[in-house]
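The sequence shown begins at 5 in the working numbering and counts up by one. Using N, Cα and C, we set each Cβ at its ideal position, and we do this for glycine too. Below is one structure, written out as structure tokens; the observations come after it.
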Amino acid sequence: LKADTGDAASTLALMGSIRDFVFQLSTAPAGFLVHRVGFVRMAAIGTALLLFGMLADSYAPSSHFLFMNCGLVGGAMAMIFTASVTVLYGPGHISRSFLPVAVGLASSGGGLGTVVVNLGLDLLLESFSWRGALRICCGAFGLLLLVSVVALWYGLRHHKQTKEVTSESRELRSCSDVREFLQPFGDLQFLLLNAALFLYGIGFMVPYTHLVYYSETERGLEMSGELTSLLGISGAAARLCFGLFSTCVKPSRLMLLVLLAQGTSLICLPFCDDAAELWVFSAIYGCCSGGRVVLLSLVVNELFDSQRVAHLYGLASIPIAVGTLLGPTFVGRVYDLSGHYDGAFFAAGGIVLVAVPVFCLAIFCRRSIEKPSSVTEVPAKADHLEQIVPPCDPSDEFPDVKSQL
């Protein structure tokens, strides 16, 4: 795009940041509405919007139109990804012991897709323009997503419980939709979690938007395909591995490890001088990024409850969206002014490391998020609410109450 449009690095970085910003931001309403709209219907709508946005990109006359189309593509990606991940937390869909592995398997598809697309684009760009290559990719994506949506519908058609839970959750809503949508932000633990994710988001997308350009301009290495593919391969492998690790280690502890490794690797990036060192960085950073994709929903499930994962997971994507909009744009601006990436990479890595103590506070902060409706309001609905409120054994904290219950 830089060679075709002649735009500055900060402008093109802002374009990628807007797509990722809209993707993360759209996850919030998608997570809130997925139980109302339905998993299959949301995935189908997202597929249609994604194909339309990609076709519009291929006909965009200038980079100004790409800004609008990138936003549409980002929103469509959020709908597809939210439906494919949160469906796993539906009651009766996946067993509790297999849930982390299932989330890892589902999330690893994004990493594998990154590898295939980058390798395929390198081959297509040798024979076609970037617009023609984008149209070919659009046709391939349409076929794959159609098969995926049909498979999702086929897998859920026997789960009548999904519709029942959806209707029950609607009956429990006594407040307005807007108030219910923003209600979790009144919880201190959830606010701390979002603060940590905001700091993480500032540095998260920096290598994805600047690593290739950094390797070419400051290190004189033509290895764009290798670096992006390695980021995708390591990310896909890490998603599956972190899903497996989450069966025996708490996801919150693994998330702390990811934050530490990702911040440290960003600080070390300016010291990578040759191709081998950049490959090592890409492998480590890709692993950390892939691990975060899997762990975020598992951390929400660990700290809160499974019935609200879709809603809280979507809200937790808002600070990441803001961070991904600010971080790469800031780094691109620093490069345009100074002509070097070193200081910007140091700053981005330091900000990610600041997220570590904030995340620790979120882990140990007492949970106070409550359900929209109280169990004591309607005693007759005890059996009904029992399906919504996460099960627990009150005898552990109140031994005298066990006989009454």
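N-terminal and C-terminal residue of the alpha helix (DSSP H) that residue i is part of
i, result
"VAL153", "134–160"
"TYR63", "It is not in any alpha helix (DSSP H) - TYR63 carries neither H nor E in the DSSP assignment."
"CYS252", "Run containing CYS252: none; DSSP gives neither H nor E here."
"ASP340", "313–342"
"CYS369", "Taken as a continuous stretch (DSSP letters only), CYS369 belongs to no alpha helix (DSSP H), as it is neither H nor E."
"SER219", "210–221"
"ASP181", "181–186"
Burial state of residue i (16 or more Cβ within 10 Å)
i, result
"SER101", "exposed"
"VAL38", "buried"
"GLU230", "buried"
"ARG40", "exposed"
"ASP278", "exposed"
"ASP181", "exposed"
"HIS388", "Legend: pLDDT at HIS388 = 40, less than 50; position of this residue unreliable, no value from coordinates given."
"ALA280", "exposed"
"SER342", "exposed"
"TYR289", "buried"
"SER131", "exposed"
"CYS291", "buried"
"LEU135", "Here the sequence assigns Arg to residue 135, which means Leu is not the residue at that position. Exposed."
"GLY57", "buried"
"TYR218", "buried"
"CYS276", "buried"
"PHE69", "exposed"
"TYR345", "buried"
"GLY78", "buried"
"ALA352", "buried"
"LEU3", "This structure cannot speak to residue 3, because the chain is shown only from 5 to 409."
"GLY143", "exposed"
"LEU129", "exposed"
"SER250", "buried"
"VAL313", "buried"
"GLY347", "exposed"
"PHE321", "Reading off the sequence, residue 321 comes out as Ser, not Phe. Flag for SER321 reads buried."
Where residue i sits in the DSSP three-state scheme
i, result
"ASP277", "coil"
"GLU130", "coil"
"SER414", "There is no way to answer for residue 414, as the model of the chain reaches only from 5 to 409."
"TYR289", "helix"
"GLU390", "The pLDDT assigned to GLU390 is 41, lower than 50, so where the model puts this residue is not dependable; a value taken from the coordinates is nonetheless given after this. Reduced to three states, the DSSP call for GLU390 is helix."
"GLY50", "helix"
"ASP24", "helix"
"GLU230", "helix"
"TYR204", "helix"
"TYR345", "coil"
"PHE308", "coil"
"LEU225", "coil"
"GLY94", "coil"
"GLY295", "helix"
"GLY267", "helix"
"GLY75", "helix"
"GLY190", "helix"
"GLY247", "helix"
"GLY124", "helix"
Rounded C-alpha distance that separates residue i from residue j
i, j, result
"PHE27", "PRO33", "11 Å"
"VAL216", "ARG183", "43 Å"
"VAL360", "TYR317", "19 Å"
"ILE22", "GLY75", "6 Å"
"PRO274", "LEU258", "26 Å"
"TYR339", "CYS141", "32 Å"
"PHE349", "VAL154", "43 Å"
"ILE206", "THR51", "28 Å"
"GLY124", "ILE367", "41 Å"
"LEU149", "ALA64", "24 Å"
"GLY336", "LEU330", "10 Å"
"THR333", "SER238", "25 Å"
"LEU116", "ALA240", "6 Å"
"LEU160", "PHE208", "34 Å"
"PRO323", "ASP309", "21 Å"
"GLY113", "GLY294", "11 Å"
"VAL326", "PRO211", "17 Å"
"LEU203", "SER99", "33 Å"
"ARG45", "GLN187", "26 Å"
"ARG139", "ASP126", "14 Å"
"PHE189", "VAL89", "22 Å"
"LEU270", "SER286", "10 Å"
"GLY146", "LEU234", "25 Å"
"THR2", "LEU299", "The shown model of the chain, from 5 to 409, leaves out residue 2, and the question about it has no answer."
"CYS369", "SER301", "18 Å"
"LEU156", "ALA47", "9 Å"
"GLU220", "GLU226", "6 Å"
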